[in-house]
Amino acid sequence: GNSVTQMEGPVTLSEEAFLTINCTYTATGYPSLFWYVQYPGEGLQLLLKATKADDKGSNKGFEATYRKETTSFHLEKGSVQVSDSAVYFCALSQFDTDKLIFGTGTRLQVFP
Amino acid sequence: NAGVTQTPKFRVLKTGQSMTLLCAQDMNHEYMYWYRQDPGMGLRLIHYSVGEGTTAKGEVPDGYNVSRLKKQNFLLGLESAAPSQTSVYFCASRTGTIISNQPQHFGDGTRLSIL
Chain Z
257 GNSVTQMEGP
267 VTLSEEAFLT
277 INCTYTATGY
287 PSLFWYVQYP
297 GEGLQLLLKA
307 TKADDKGSNK
317 GFEATYRKET
327 TSFHLEKGSV
337 QVSDSAVYFC
347 ALSQFDTDKL
357 IFGTGTRLQV
367 FP
Chain U
524 NAGVTQTPKF
534 RVLKTGQSMT
544 LLCAQDMNHE
554 YMYWYRQDPG
564 MGLRLIHYSV
574 GEGTTAKGEV
584 PDGYNVSRLK
594 KQNFLLGLES
604 AAPSQTSVYF
614 CASRTGTIIS
624 NQPQHFGDGT
634 RLSIL
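Chains Z and U, in that order, give the protein sequences.
All residue numbers for the first sequence refer to my numbering, where the first residue is 257 and numbers rise by one.
All residue numbers for the second sequence refer to my numbering, where the first residue is 524 and numbers rise by one.
Here you go:
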């Protein structure tokens, strides 16, 4: 079946450090891929998405590229801020289903 | 912009009690979802609806029931609460097109504790 695997957290970084959160997926066909972010005490918000191979999603300085050859969608940011501290979820959606499949989430902690 | 609103935000129940969680969206979305979030397990789909009057089971439906009598509302019921249902519950909605790349919009969650 379809699944999403994320690196375990927490990821702890100093402000202005480079961030990578790994995400790999298993799916048939060509799923759409998403990164959601959850700030403390809030629901999930869409951060970025990509709908086909080699697409790059970007938002708020975050980027992720849909790599079909490695079935990956790693999240990156060149310089993190304290305000980026949150839990990040990778997710996929198949064309012929109504549902999202989520990874387990990765907690990011950024210290000044 | 209200978006997706969940009530209540917090609730403590005793084992065996019943309750209903309400989700309301003002975006005229066709699809609505109920998830539970537990530590180390991400979000798991409980039930969902693809339109008014329809419901379907998700990954973990046992112990829960749902209703979608109005397009804007999606209710999640616990008939006889159990400690294993202690969790944070999230409602989400999305526009109803065949294109699955439309994002889901989430509420702020309901934290439910069963003693």
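Built from N, CA and C at the ideal position, the CB exists for glycine as well.
Query - Assigned secondary structure, Val573 of chain U (DSSP; H/G/I helix, E/B strand, else coil) - result: Three-state result, Val573 of chain U: coil.
Report task. Give a yes or no on whether the minimum CB-CB distance between Ser288 of chain Z and chain U is below 8 Å. Result -> Interface annotation, Ser288 of chain Z: in contact with chain U, CB-CB separation under 8 Å.
Query raised in the report: How close, in whole Å, do the beta carbons of Phe290 of chain Z and Pro626 of chain U come, if the pair is a contact with beta carbons under 8 Å?
Result: Contact flag correct, Cβ pair sits at about 7 Å.
Query raised in the report: In angstroms, rounded to a whole number, what distance separates the CA positions of Ser349 of chain Z and Met555 of chain U?
Result: Pairing Ser349 of chain Z with Met555 of chain U, the inter-Cα distance amounts to about 15 Å.
Requested in this report: Might you give, ordered along the chain, the residues of its own chain that have their beta carbon closer than 7 Å to the beta carbon of Ser521 of chain U, omitting 5 neighbours on each side?
Outcome: Absent from the model: residue 521 of chain U. The displayed extent of chain U is 524 to 638, so no value can be given.
**Report entry** Contacts around Gly265 of chain Z, its chain only, beta-carbon distance under 6 Å, and the 5 residues preceding and following it disregarded
**Finding:** Excluding sequence neighbours, Gly265 of chain Z sits near Thr362, Arg363.
Query raised in the report: Along chain U, which residues have their Cβ under 9 Å away from the Cβ of Thr321 of chain Z?
Result: Here the premise fails: no neighbours, minimum Cβ distance about 16 Å.
Query raised in the report: Straight-line CA distance for Ser572 of chain U to Ser610 of chain U?
Result: The alpha-carbon atoms of Ser572 of chain U and Ser610 of chain U are separated by roughly 21 Å.
Query - CA-to-CA distance, Glu332 of chain Z to Glu553 of chain U, given in whole angstroms - result: If I take the Cα positions, the gap works out to 33 Å.
Query raised in the report: Do the region 591 to 607 of chain U and the region 560 to 575 of chain U touch if we need at least three Cβ pairs shorter than 8 Å?
Result: The answer is yes - the region 560 to 575 of chain U touches the region 591 to 607 of chain U, with three or more Cβ pairs under 8 Å.
Report task. Run down chain U in chain order and give the residues with a C-beta less than 7 Å from the C-beta of Gly299 of chain Z. Result -> Ordered by position in chain U, the residues that pass the 7 Å Cβ test against Gly299 of chain Z are Phe613, Phe629, Gly630, Asp631, Gly632.
Query - Other residues of its chain near Ser326 of chain Z: CB distance less than 7 Å, five sequence neighbours each side excluded - result: Reading off the sequence shown, one finds Thr at residue 326 of chain Z, where the question assumed Ser. Excluding sequence neighbours, Thr326 of chain Z sits near nothing in its chain.
Requested in this report: Quick one: list the residues of chain Z neighbouring Met564 of chain U, beta-carbon separation under 8 Å, in chain order.
Outcome: Contact note: Met564 of chain U reaches chain Z through Thr360, using a C-beta cutoff of 8 Å and chain order.
Query - Which of helix, strand or coil DSSP assigns to Ser270 of chain Z - result: If DSSP states are grouped into helix, strand and coil, Ser270 of chain Z belongs with the strands.
Requested in this report: Find the residues of chain Z that neighbour Val573 of chain U, judging by a C-beta separation of less than 9 Å, and give them in chain order.
Outcome: Those within 9 Å of Val573 of chain U in chain Z are Asp354.
Query raised in the report: If we cut at 8 Å on Cβ distances, does Asn624 of chain U have a partner in chain Z?
Result: Output row for Asn624 of chain U: interface = yes.
**Report entry** Inter-residue spacing [alpha-carbon to alpha-carbon] between Asn315 of chain Z and Lys580 of chain U
**Finding:** So the alpha carbons of these two residues sit roughly 33 Å apart.
Query raised in the report: So, is the C-beta of Lys305 of chain Z closer than 8 Å to a C-beta in chain U?
Result: For Lys305 of chain Z, the answer is yes, since a Cβ of chain U falls inside 8 Å of its Cβ.
Query raised in the report: Can you tell me whether Ser616 of chain U is buried or exposed, with buried defined as 16 or more other CB within 10 angstroms of its CB?
Result: Of the other Cβ atoms in all chains shown, 16 or more fall within 10 Å of the Cβ of Ser616 of chain U; this residue is therefore buried.
Query raised in the report: Does Leu302 of chain Z get closer than 8 Å to chain U when you measure Cβ to Cβ?
Result: The Cβ of Leu302 of chain Z sits closer than 8 Å to at least one Cβ of chain U.
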